[in-house]
Amino acid sequence: MPPTITPLPVLRQCTLRPRATILRPSNAVIGVKRPACRSFADDKSKDLPKAESGESGPNMQQQEHVSEEAAKMAKIQGGQGPDIEGQGTPVQEILKNEKDTRQTAPKVMKEQAKQEGNATKPGTRPFSTLARRRAEVTPTTSSPGDAALDSSMLPTAEQQARHDAAVDASSNLQPAPEESKGHKFPLPTMPLPSNLRKDYRYDPVVNQVTNLLMQDGKKSVAQRNMATILTILRTAPAPTYSEARPLLPGAPPASHLPLNPTLYLTLAVDSVAPLLRIRSQRGAAGGGVALQIPVPLGLRQRRRQAFEWILDAAVKRKSRGSGNDMFAQKVAEELIAVIEGRSSVWEKRQGVHRLGTAARANLNHRAVTGRR
Amino acid sequence: MASLACPRCLRRSLQDLETTATAIRPQRAAFSTSPSLSANPPKKKAVVAKPSTRQGSALRLTKNTRATNTRPPAVGERKELRKKVVLSNTNALEVLGLNDLSKENLSSDALHALEAKVMGFGDTSVDRLRALKAFKPTQGWNLFRRPASLVRKETTHLLGDIEWVEAGQGSRTVRKVLYGERGSGKSVLQLQALAMASLKGWFVIHIPEAMDLTIAHTSYQPVTTPGGPTRYAQAHFACKLLRNIRDANNHLLSNLRISGEHDIPGQLKPGASLLGLVDVGVKEPARAWPVWQILWEELTLPSAQSKGGPRPPIMFTMDGIDHIMRLSAYLNAEAQPIHAHDLLLPRHFIELLSGRETLPNGGMVLGAVSESNRAASHTLDHALARNEAIQNELTPPAWDPWVKYDKNVQDAMEGVGVQRLQGLSKEEARGIMEYYARSGLIRKAVTSGLISEAWTLAGGGIIGEIEKGTVKARV
């Protein structure tokens, strides 16, 4: 068996290297010419070092431009490099900068410039989403007892082939490459995916919701509750979407949800997440009345608000059984109710949005804009 | 209750014990001879009292009032919901090509070829195991389409034991205790043993929780033996056990006839089937223990002597055996704790396990230690370590002279075989994880890298931990 560590490459890869010798007047050697540059320890005199005639001084040996270098390389190798001479400034740029040219430009170019100037009106879209929304709400017609899967759950031939290739690639792990001796297993590809790091190993929604479930700082209890919630979502019958309460666009068919409980949870939380909150600014409206100002929320803030509403509704539920898992049971039932559109959380969200619509006029109030 | 005879000597009627309050009928004075046919007395007009301003001494706020528009849960309803065993998940995918354990593949060679594969339980097996209460709510049966279990090395060994007993034509008995880490599959291995024995036509008896026998939650009654110590019978537990046995072994009991002469309670004819005998015990808790004794006498008649058909071998299993290897929570007349071996039903199991009582038609006595609800029994721990060492031909650890051991347990565990369950092998882990994936519960590709990771994180393939880390994970 060859030795695992050969000394030579180790020496080459050694990080401690002797520093390059700096030639100073103090250690000048006769016959060795000092370069015309100052080192960091030299005297800071006014007169800059000058290169002798025929020699190259400081800042004279600049690196070439990338394309120039590529062109040279191509010339050496007998190919065609990038065209250096032919590269000009684009017409649009010239038009943008020069006023006179803009006036004398052809009509076509003028129109094009005008069209680019004004973007589409905010808040309008040139297409309708009504048909898509309808298609999402339409319930799937597969019976739960049916052993055969509905066709949407089956992979296409192309997906299957890709999956098989991935499995083959990952199950037949490649042996460690020659140069990385000393590793029993191949090194992972860097950068590591986020779920391989210990602080981000769970799904972000699961992580946040677990923390929101926590009481008295007992995280392990919250984690157990989370696991129970996901198990209940796995085993409960598939939900039926309601037409009145559309979920997020792009929601999968309802029959897919139980086998992907994380998605189930995410869909429930994100669907009832409010877009904004109402901030009451005291005394801004005059006469001691608070001015209501809608404030947009970030992604985590929206999820937090949604899950707090879900928790409020879940706590009010009546538990039917006994034991440790009843809290988780109630939360899971509430999540299912959200997906099925039965939950009271939907009304809360609607209420906030209605208030926000009414209060958007206040955004022009001088207390908000700061203008007199 | 009115039917208590004497509160001191524990001789009380068993009729009304452990019945719910709703079952108690209103009693009528015994000395009246006149029939109570008279009409109800006319109702007096109720005097409507003025609602007083103060109602009770407690401070009443609007918050305090509870809306009770729903029916309160009945007695035991909430616990029943918690302990419910669900054996199917309609969301899980049907695993194609999942074969059942059946008579055809129940030979050591056939099962050896099926090692590291998952095998389902047929409908009959499921019904019998369910009747025996062998499925537990904590075991994750509710995640899969139908009950199935992994055939592991130890399963094949157990089948080998069963075959060895059958080959002996009734002269052989296997006595064993399963132990090992929490989640290592002791209870499920016991369940597999019950399923295999049942398929082989054995008589199966299972006590799912030994703890129920010793924590003083069920009635007990002293039974004096002539010239011997006092023992205690647990009539209501025996009644429940008889019901489980009847449901699980119905096909055997209806074919076997009573052959001996017994002082049979009730109106049973001498040649009646054993099913009728068991029914007597199921109906009346007071007769459950005598019926158990007669049933046992009948089952252990040597097949050559019995007139009521050849008797099958017996598989008697008990889970959580550590609870009967110590003092029970029951008290005797002197208010001293009763040893669990003085309770007749656990004693019966111990007699069989230790080999003091034999099974003339052959059989298997299989105990399993519980680790998730472990009763402290240091004598049992030491005995297990000793027996394991003796089995492996190592020097057994000596009994510590400075520690007080339980003599009953020491004697009972003398010469009992032990089997320590450890983690799965990598192949077995692959088998079970592929089954998870094909049930749709793992969404990743099952690669050797993933299997190694799960196997390692599960403490070297502890199957319960593998399930926790893959199927029940909060990914």
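So the sequence lines, in the order shown, correspond to chains U and W.
Residues in the first sequence are numbered consecutively from 21, following my numbering.
Residues in the second sequence are numbered consecutively from 363, following my numbering.
Here a beta-carbon is modelled for each residue, glycine too, at the ideal position from N, C-alpha and C.
Here the structure is a predicted model, which means the values were calculated and not measured.
For residue i and residue j, I'd like the C-alpha separation in whole angstroms.
| i | j | result |
| --- | --- | --- |
| residue 235 of chain U | residue 247 of chain U | 16 Å |
| residue 163 of chain U | residue 185 of chain U | Reliability fails at residue 163 of chain U, whose pLDDT of 44 lies under 50, so the model's placement of it is uncertain and the value that follows must be treated cautiously. The straight-line gap from Cα to Cα measures roughly 33 Å. |
| residue 708 of chain W | residue 477 of chain W | 34 Å |
| residue 469 of chain W | residue 527 of chain W | 13 Å |
| residue 282 of chain U | residue 320 of chain U | 16 Å |
| residue 297 of chain U | residue 312 of chain U | 10 Å |
| residue 683 of chain W | residue 338 of chain U | 38 Å |
| residue 111 of chain U | residue 91 of chain U | 25 Å |
| residue 481 of chain W | residue 513 of chain W | 7 Å |
| residue 732 of chain W | residue 361 of chain U | 44 Å |
| residue 435 of chain W | residue 340 of chain U | 7 Å |
| residue 560 of chain W | residue 639 of chain W | 21 Å |
| residue 345 of chain U | residue 245 of chain U | 7 Å |
| residue 503 of chain W | residue 261 of chain U | 28 Å |
| residue 70 of chain U | residue 77 of chain U | 6 Å |
| residue 729 of chain W | residue 820 of chain W | 25 Å |
| residue 601 of chain W | residue 625 of chain W | 19 Å |
| residue 610 of chain W | residue 490 of chain W | 4 Å |
From the options, pick the residue whose C-alpha is nearest to that of residue i; which is it?
| i | options | result |
| --- | --- | --- |
| residue 506 of chain W | W/799, W/629, W/826 | W/799 |
| residue 565 of chain W | W/526, W/515, W/618 | W/618 |
| residue 836 of chain W | U/132, U/100, U/233, U/249 | U/249 |
| residue 314 of chain U | U/383, U/258, U/126 | U/383 |
| residue 555 of chain W | W/482, W/520, W/569 | W/520 |
| residue 386 of chain U | U/322, U/96, U/332, U/306 | U/306 |
| residue 273 of chain U | U/259, U/381, U/265 | U/259 |
| residue 327 of chain U | U/293, U/312, U/359, U/299 | U/293 |
| residue 277 of chain U | W/464, W/454, W/420, W/830 | W/454 |
| residue 740 of chain W | W/712, W/620, W/687, W/785 | W/687 |
| residue 442 of chain U | U/357, U/128, U/76, U/221 | The requested residue 442 of chain U does not occur in the structure, where chain U is confined to residues 21 to 392. |
| residue 748 of chain W | W/780, W/441, W/724 | W/780 |
| residue 809 of chain W | W/512, W/791, W/801 | W/791 |
| residue 457 of chain W | W/616, W/803, W/825 | W/803 |
| residue 226 of chain U | U/242, U/238, U/216, U/211 | U/242 |
| residue 295 of chain U | U/369, U/99, U/75, U/213 | U/369 |
| residue 582 of chain W | W/658, W/589, W/593 | W/593 |
| residue 499 of chain W | W/570, W/755, W/696, W/685 | W/570 |
| residue 714 of chain W | W/765, W/785, W/760, W/534 | W/534 |
Is it right to say residue i is buried, meaning 16 or more other beta carbons lie within 10 angstroms of its own, or is it exposed?
| i | result |
| --- | --- |
| residue 650 of chain W | buried |
| residue 495 of chain W | buried |
| residue 536 of chain W | buried |
| residue 558 of chain W | buried |
| residue 596 of chain W | buried |
| residue 353 of chain W | One cannot answer for residue 353 of chain W here, as it falls past the ends of chain W, which runs 363 to 837. |
| residue 93 of chain U | exposed |
| residue 813 of chain W | buried |
| residue 384 of chain W | Confidence is the limiting factor: at residue 384 of chain W the pLDDT is only 45, short of 50, which leaves the residue's position unreliable, though a coordinate-based value still follows. Under this definition residue 384 of chain W is an exposed residue. |
| residue 704 of chain W | buried |
| residue 431 of chain W | exposed |
| residue 616 of chain W | exposed |
| residue 220 of chain U | exposed |
| residue 599 of chain W | buried |
| residue 114 of chain U | exposed |
| residue 96 of chain U | exposed |
Please check if any C-beta of chain B sits within less than 9 Å of the C-beta of residue i.
| i | result |
| --- | --- |
| residue 273 of chain U | Among the chains of the structure shown, chain B does not appear; the protein chains present are U and W. |
* Asked: Fully enclosed by the region 210 to 241 of chain U, which alpha helix (DSSP H) runs are 4 residues long or longer?
  -> At a cut-off of 4 residues, the continuous stretches assigned as alpha helix (DSSP H) that sit fully inside the region 210 to 241 of chain U are 224 to 233.
* To do: Could you run through the region 221 to 249 of chain U and flag, in chain order, every residue whose CB is less than 8 Å away from some CB of chain W?
  => Of all residues in the region 221 to 249 of chain U, 222, 223, 226, 230, 243, 246, 247 have a Cβ within less than 8 Å of some Cβ in chain W.
* Asked: If contact means a Cβ-Cβ distance below 8 Å, which residues of the region 523 to 547 of chain W contact chain U?
  -> The region 523 to 547 of chain W vs chain U, Cβ under 8 Å: nothing.
* Asked: What beta strand (DSSP E) runs, 3 residues minimum, are completely inside the region 307 to 363 of chain U?
  -> Within the region 307 to 363 of chain U, the runs of beta strand (DSSP E) that reach at least 3 residues and sit entirely inside it are, in chain order, 311 to 316.
* Quick one: which unbroken beta strand (DSSP E) runs of 3-plus residues sit fully inside the region 604 to 688 of chain W? Chain order, please. => You should have 676 to 681.
* To do: Taking only beta carbons into account, state which residues of the region 277 to 299 of chain U come closer than 8 Å to chain W, listed in chain order.
  => Cβ proximity to chain W below 8 Å picks out 278, 279, 280, 282 from the region 277 to 299 of chain U.
* Entirely enclosed beta strand (DSSP E) segments - the region 512 to 553 of chain W, minimum 3 residues -> 535 to 542, all fully within the region 512 to 553 of chain W.
* Asked: In chain order, which alpha helix (DSSP H) runs of at least 4 residues are fully inside the region 255 to 307 of chain U?
  -> 281 to 291, all fully within the region 255 to 307 of chain U.
* Between the region 620 to 639 of chain W and chain U, which residues of the former have a C-beta closer than 7 Å to a C-beta of the latter? -> The residues in question: there are none.
* For the region 452 to 479 of chain W, which residues have a beta carbon sitting closer than 9 Å to at least one beta carbon of chain U? -> Residues are counted here when their Cβ sits less than 9 Å from a Cβ of chain U; for the region 452 to 479 of chain W these are 452, 453, 454, 455, 456, given in chain order.
* **chain W contacts from the region 337 to 356 of chain U (Cβ-Cβ distance under 7 Å)** => Contact residues of the region 337 to 356 of chain U toward chain W are 338, 340, 341, 342, 343 (C-beta to C-beta distance below 7 Å).
* **3 or more residues per run - each beta strand (DSSP E) lying fully within the region 727 to 786 of chain W** => Correct list: 779 to 783.
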